[in-house]
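Presented below is the structure to which this report refers.
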Amino acid sequence: MSVLVALVFAITAVFAGTAAAAPGHSTPARAVPWGGYQELWVPSSMGNIKVQVQWASRGGTAALYLLDGLRARDDRNAWSFETNAMDQFRGDNLTLVMPVGGESSFYSDWYNPSNFNNQHITYKWETFLTRELPDFLAGFGVDRSISGIMGPSMGGTAAMTLAAHHRDQFRFAGSLSGYLNTSAPGMREAIRIAMLDAGGYNSDAMWGFPWDPAWLRNDPFVSAPQMQGMSLYVASGNGLPGHFDHPSAPIDYWNTAMGMGLEFLSMVQTRAYQIRMASLGIPVTFQFNGSGIHSWPYWSAELWKARPQILNALNAW
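Count the sequence shown with mature numbering (1 follows the signal peptide of the UniProt record, and there is no 0) and you get residues -21 to -1, 1 to 296, in order.
In structure tokens form, the structure reads like this:
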């Protein structure tokens, strides 16, 4: 148990965060040509939320939501600077939607603000991503019913959960090194410790005590039957360092070691999810790589592998 807790505690070492103030909200207006990049401030129950957007190259109506990891920053979504995601889809008829913020949120609707860190708002990320944001984007011609969602680590867990509960919105869902059985022995305690480290958040404020039904609702393993008929892409490495890993300083070796353990845990959970989906007869594209740790270069490369399936699912070539 101590090893499991230590591994998930270390999940926060991959990410870093800063804060940015939100300007006043303005009405929808596309300020750049099709295919261009724009930053939107979208009204929500949590206040105005920054969303980084790359518009479809030819005015298409499909969208891919790219979620962040556990230490999501308040100034930029990591997909926009840790990867070349925008370059990968620049010529495609697909709008990239990269919401900013949500540290330790699991992109879910919480019961209360976190009392441990004096949080002033109650996270309502599920409401934002499935109601407020798609309604706002509809003003730009983005069709809420032609959407995909994908993320790494925490974002992968959340992507699969949100897709399962909002089939009217999502046609594609993807998890990259996600934790897809959060009700497995030791995982709830490990998540609690990881959230404490990543911003001092209290998991009781998120889904209640460990026996609360919200924990099961937000477990992709439990909601797996609801994924029938959806285009799915699930990937993980095996924790062995690969061609993106070249540590030189002591901190590099530490981060590599932590990334190895985290990815091994993700691989174990992803294999369990593979068995679960096979037992349900639900087809999934699984990608188990011969090497790779828990870090952004591998997730960027995996997004490129998933790109044809994403474009096919959303008819966005």
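Ideal Cβ placement from N, Cα and C applies to all residues, glycine included. Predicted model only: the values in this text are computed from it and were never measured.
- C-alpha of T101 to C-alpha of E111: approximately 15 angstroms in a straight line.
- Counting only the Cα atoms, G118 lies some 15 angstroms from E18.
- The segment 82 to 99 makes contact with the segment 128 to 137: 3 or more CB pairs, one atom from each, lie closer than 8 angstroms.
- Comparing alpha carbon positions, the residue from P276, G70 and N197 closest to P12 is G70.
- If you draw a 10 Å sphere on the C-beta of I254, you find fewer than 16 other C-beta atoms in it, and that means exposed.
- Inclusion of D198 and T161 in the CB contact set at 7 angstroms is warranted, their separation being smaller than that value.
- As computed with DSSP, K103 is found in a beta bridge with D88.
- Ranked by how close their Cα comes to the Cα of S258, the residues V247, M185, L195 and Q207 have Q207 in first place.
- Per the Cβ contact rule, the segment 208 to 225 is in contact with the segment 259 to 271 (3 or more Cβ pairs under 8 angstroms).
- Going by beta carbons, N72 and S36 fall inside the 7 angstroms limit.
- Secondary structure note for F265: its beta strand (DSSP E) is the uninterrupted segment T264 to F267.
- A Cβ-Cβ distance of about 7 angstroms is found for the pair Q205 and R146, placing them in contact under the 8 angstroms criterion.
- Using a C-beta cut-off of 8 angstroms, the segment 147 to 157 makes contact with the segment 117 to 132, since at least three inter-stretch Cβ pairs fall below that distance.
- R250 carries a helical assignment under DSSP once its states are collapsed to helix, strand and coil.
- Distance from P220 to M239 at the Cβ level is roughly 7 angstroms; contact confirmed, criterion being Cβ atoms closer than 8 angstroms.
- Boundaries cannot be given for L73, as no alpha helix (DSSP H) includes it and DSSP labels it neither H nor E.
- L159 and T249 do touch by the CB rule: their CB atoms are close to 6 angstroms apart, below 8 angstroms.
- Residues of the same chain with a CB within less than 7 angstroms of the CB of I289, apart from the 5 flanking positions on each side, are L43, G127 and F151 in chain order.
- Taking a contact as a CB-CB distance under 8 angstroms, the pair S93 and N181 counts as one, their CB atoms being some 5 angstroms apart.
- Nearest neighbour of N268 by Cα position, chosen from W186, S156 and G38, turns out to be S156.
- Taking the C-beta atoms as reference points, T235 is found no nearer than 7 angstroms to V121.
- Closest in C-alpha terms to Y252, from the list S202, G271 and N294, comes S202.
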